[in-house]
Amino acid sequence: MQLIDPLTLAATRDLAWLSRHIAEGMLLGMQHSQRRGAGIEFQQYRSYEPGDSIRNIDWKLFARSDRYYVREADQESQMHVCVVLDASASMQQPSFTCPELNKLQYAKCWVATLCWLLYRQGDRFSLLVLNDAGHRYVPAGQGESHHRRTALELERTQARGHWPDASQLSAVWQYFEQPCQTVLVSDFFEAPQDGGMSGFAARLHAADRPCLPLQILVEAEQTFPFDGELKIVDPEGGDIPELGAHQQRDDYLRAFNAAQRALVARFAARACPLTVATVETPVEQTLRAFIAAHGRIG
Amino acid sequence: MPLSIPPLLPLQWLQPTWLWLLFALAIPLLIHLIRRSRPREITFAAAQWLLPRQQRHWNRFVLRDRLLLLLRLLLVTLLALLLAQPLLKSDTEAQENVLLVDPRIQAAELDDFLQRHPELQQVFWLQSAPREVSAPRPEPQDNWRVLSRLSTNGTFRRAHILLLDTENPSGHQSLRVSPDWQWHRIEDTAAPAVPDLPRIAVAGDGPAWLQPVMEQLREQLGTGFSFTPLTDINELAAHSTANTAQADWLIYDTAGPLPAALQTFVQQGGLLITGQGVQWDEVNKFTALDSQPAAEAASVGRGSWLRYTQDWHSAPFYQRAALPELLWQQWSLQDWHFQFHSRSHWSIDSRPETPVPDSQVVRLRKIPLDRWLMLLIALLLLVERSIALSRREAGMVHTAGEKRHA
Chain S
1 MQLIDPLTLA ATRDLAWLSR HIAEGMLLGM QHSQRRGAGI EFQQYRSYEP GDSIRNIDWK
61 LFARSDRYYV READQESQMH VCVVLDASAS MQQPSFTCPE LNKLQYAKCW VATLCWLLYR
121 QGDRFSLLVL NDAGHRYVPA GQGESHHRRT ALELERTQAR GHWPDASQLS AVWQYFEQPC
181 QTVLVSDFFE APQDGGMSGF AARLHAADRP CLPLQILVEA EQTFPFDGEL KIVDPEGGDI
241 PELGAHQQRD DYLRAFNAAQ RALVARFAAR ACPLTVATVE TPVEQTLRAF IAAHGRIG
Chain E
1 MPLSIPPLLP LQWLQPTWLW LLFALAIPLL IHLIRRSRPR EITFAAAQWL LPRQQRHWNR
61 FVLRDRLLLL LRLLLVTLLA LLLAQPLLKS DTEAQENVLL VDPRIQAAEL DDFLQRHPEL
121 QQVFWLQSAP REVSAPRPEP QDNWRVLSRL STNGTFRRAH ILLLDTENPS GHQSLRVSPD
181 WQWHRIEDTA APAVPDLPRI AVAGDGPAWL QPVMEQLREQ LGTGFSFTPL TDINELAAHS
241 TANTAQADWL IYDTAGPLPA ALQTFVQQGG LLITGQGVQW DEVNKFTALD SQPAAEAASV
301 GRGSWLRYTQ DWHSAPFYQR AALPELLWQQ WSLQDWHFQF HSRSHWSIDS RPETPVPDSQ
361 VVRLRKIPLD RWLMLLIALL LLVERSIALS RREAGMVHTA GEKRHA
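Residue numbers (my numbering), protein chains in the order written: chain S, 1 to 298; chain E, 1 to 406.
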């Protein structure tokens, strides 16, 4: 079921609304069963049932109503999800079938939807946007207002530059001192020599902060459907003045698939399977695939 | 013995000029080369897996969209062929029961002729493109030209030809006929044409021998001959401009400069015959005639001037045998109009014909290839358009990703 078509995805400005719409659509028919129990924030009263601890009985209410009621509060989740979004220039890559939609817009929507799901679950989430121009961070929090804040920060994000180098990344490690899970959203296009992104994921994994990767691609990158003479403009530099698409297709697909296999193998070795999504597939479908792959969230 | 190599295809062209259109084949080729040299610009983030290959120089001339190019070349070729109108050679049997009828022949006479010759089944009008006799009677054409053209036509190689037995005007080229033609004639019931003889006049006093010579000529040539003494020269010139000349040949025997009226007469196309004493300062290029009596001639305007170089009053001039015949011959040789008129007729009995050999007979039949070619062109055009449009739609996807400059 496709809730939002790519054109709407590209045209809608209000990420908070959009993500809620998609997420509620996903949750439609799902049992709304929050984990309730001990906590500070009051949630509801319910009748005492055998097996409940008598410590939880509200005695004042018993005095008034002569019935046993148990006081329940939202259980505070200990899970903290930090979403790391790659905002390098290659994320500007637009779709070739729906040119209004680019990778970054898709990633924003996906992240916002994930955050709404986390909010509905009562989990805490934070956002870290990275490129070599500097990083932006939304600290961990929960609730609808925190979701709105995150969505605002996402809307402000623009793609430029490259993935930060090691010295720029050193300022980021402080955010991962608390135990957390990391969701890394990127297209994972990195020159094989620098390997900054792989190193980042490897280091997180080594610090026992599981790094769940989502790769966002454009369909044309997987199929290379071009023909004729092309002049390639690489958003992260290195233009190619002229090449014959037909002659290059096989070589390109071979090299690209080899790189993809290597990437998948690297993440599989850390028990964090890579989810690959194209911009042309609906957000909820990608999200379901992501959740199913990890089985930890949702 | 020269070998005659048969052509590869039994094709001939009705309008071979249109084959120059084949040079238009260069147009789609050029378009493809030009279009190819401008690469499309796209944004593509996964460029690191693309290798900028060494550009080869001949790479520029490698064609893409070869199918499309082929279709377009084929279209141009077919268009050129369609306009050139190919003729497919095919053996047409020469039939013997064909009759070609002179359009001047009346219907009753034709029916009468056909009753006497029941073996003639197919009857056509004698025309460049013969049509059935049931078609409306066409305007009579120049039989000389029509027959010459039909002589190479294989279908009418053994035809019967029915002509009206009159004098037929001839053409410049020789009359070409098929040796297998069988000639028939129908007597012309109209009055026979009066032979057209030149009218002779004398201006002023002629030489003394003139009158008897003319008398002799009148006896030999008959009633068509006319000889008139002319008194008023100016009247002659006035009439000759109005093309109602009273004379074709004019004899003048007054020594001294030629009067202006006579100069006009010559320039209008008459033949002037004078003795040696006549002067005309503007005319000086004379050609000596090798016939007797000694004379010289000059062409002036549309006519000519014959001047005797010896005194025609002297006895040696007129005391010779057959003087009238000699003079008639000499004079008529100088009159081009008269010569043309008297020579350019032929009748069925005396045909100045040249037989056309079998090797020159064109056994061609126009095969209606046009319709098939047109159908083929329409089909190819449809295929070409559908391919080109589908390419363009695919190209729209590509252009969507093209880099937009702010």
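From the three backbone atoms N, C-alpha and C, an ideal C-beta is built for every residue, glycine too. Computed from a predicted structure; not experimentally measured.
Inter-stretch contact (C-beta, 8 Å, three-pair minimum) for the region 54 to 65 of chain S and the region 20 to 35 of chain E: no
For residue 200 of chain S and residue 191 of chain S, the rounded distance between their alpha carbons: 14 Å
Residue from E:286, E:103, E:134 with nearest C-alpha to residue 146 of chain E: E:103
Endpoints, beta strand (DSSP E) assigned at residue 275 of chain S: 275 to 278
Alpha helix (DSSP H) segment containing residue 215 of chain E, residue limits: 210 to 221
Contact check, residue 23 of chain S vs residue 116 of chain S, beta carbons under 8 Å: yes
Residue 5 of chain E, buried or exposed, once every other Cβ within 10 Å from all chains shown has been counted against 16: Note that residue 5 of chain E has pLDDT 46, beneath the 50 cutoff, so the model's placement of it is unreliable and the number below is only indicative. Residue 5 of chain E comes out exposed.
Helix, strand or coil at residue 90 of chain S [DSSP, three-state]: helix
8 Å Cβ cutoff, residue 189 of chain S in contact with chain E: yes
Residue 232 of chain S at chain E interface by Cβ criterion, 8 Å: yes
Reference residue 379 of chain E; option with closest CA among E:34, E:354, E:75, E:277: E:75
Rounded Cβ spacing between residue 96 of chain S and residue 233 of chain S (contact assumed at less than 8 Å): Incorrect: roughly 14 Å between the Cβ atoms, too far for contact.
Option nearest residue 161 of chain E by Cα separation, candidates E:168, E:175, E:346, E:184: E:184
Proximity test, Cβ basis, 8 Å: residue 215 of chain S and chain E: no
Partners in chain S for residue 43 of chain E, counting only beta-carbon separations shorter than 9 Å: 92, 93, 94, 232, 233, 234, 235
Residues of the region 148 to 169 of chain S whose Cβ lies closer than 9 Å to any Cβ of chain E, in chain order: none
Alpha helix (DSSP H) segments (min. 4 residues) lying fully within the region 57 to 128 of chain E: 66 to 84, 107 to 116
Minimum Cβ-Cβ distance from residue 202 of chain S to chain E less than 8 Å: no
Chain E contact for residue 252 of chain S (CB, 8 Å cutoff): yes
Endpoints, the beta strand (DSSP E) within which residue 146 of chain E is located: That residue, residue 146 of chain E, is in no beta strand (DSSP E); its alpha helix (DSSP H) goes 143 to 150.
Stretch-stretch touch, CB-based, cutoff 8 Å, three pairs: the region 261 to 271 of chain S with the region 243 to 251 of chain S: no
With 16 other Cβ atoms within 10 Å as the buried cut-off, status of residue 151 of chain E: buried
Beta carbon proximity, residue 196 of chain S to chain E, threshold 8 Å: no
Residue 282 of chain S (DSSP reduced to helix, strand or coil): coil
Whole-Å CB distance - residue 147 of chain S paired with residue 293 of chain S, under 8 Å assumed: With 8 Å as the limit, residue 147 of chain S and residue 293 of chain S do not qualify as a contact, their Cβ atoms being about 23 Å apart.
Cβ-based neighbour list, residue 316 of chain E, same chain, cut-off 8 Å, excluding 5 preceding and 5 following: 310
Residue 202 of chain E and residue 230 of chain E closer than 8 Å at C-beta: yes
Close Cβ partners of residue 307 of chain E (< 6 Å) along its chain, the five nearest in sequence each way excluded: 274, 296
Exposed unless 16 or more other CB atoms sit within 10 angstroms - verdict on residue 334 of chain E: buried
Per-residue DSSP class, three states only, for residue 191 of chain E: Any answer about residue 191 of chain E is weak, because its pLDDT of 49 lies below 50 and its placement is not dependable; what the coordinates show is given next. Note: residue 191 of chain E maps to coil in three-state DSSP.
Whole-angstrom distance between residue 165 of chain E and residue 188 of chain E, CA atom to CA atom: 6 Å
CB contact flag (residue 72 of chain S, residue 46 of chain S, <8 Å): yes
DSSP-derived helix/strand/coil call for residue 299 of chain E: strand
DSSP-derived helix/strand/coil call for residue 17 of chain E: helix
Residue 199 of chain S - DSSP class collapsed to helix/strand/coil: helix
For residue 225 of chain S, the residue or residues it bridges with in DSSP: According to DSSP, which records beta bridges pairwise, residue 225 of chain S is partnered with nothing at all.
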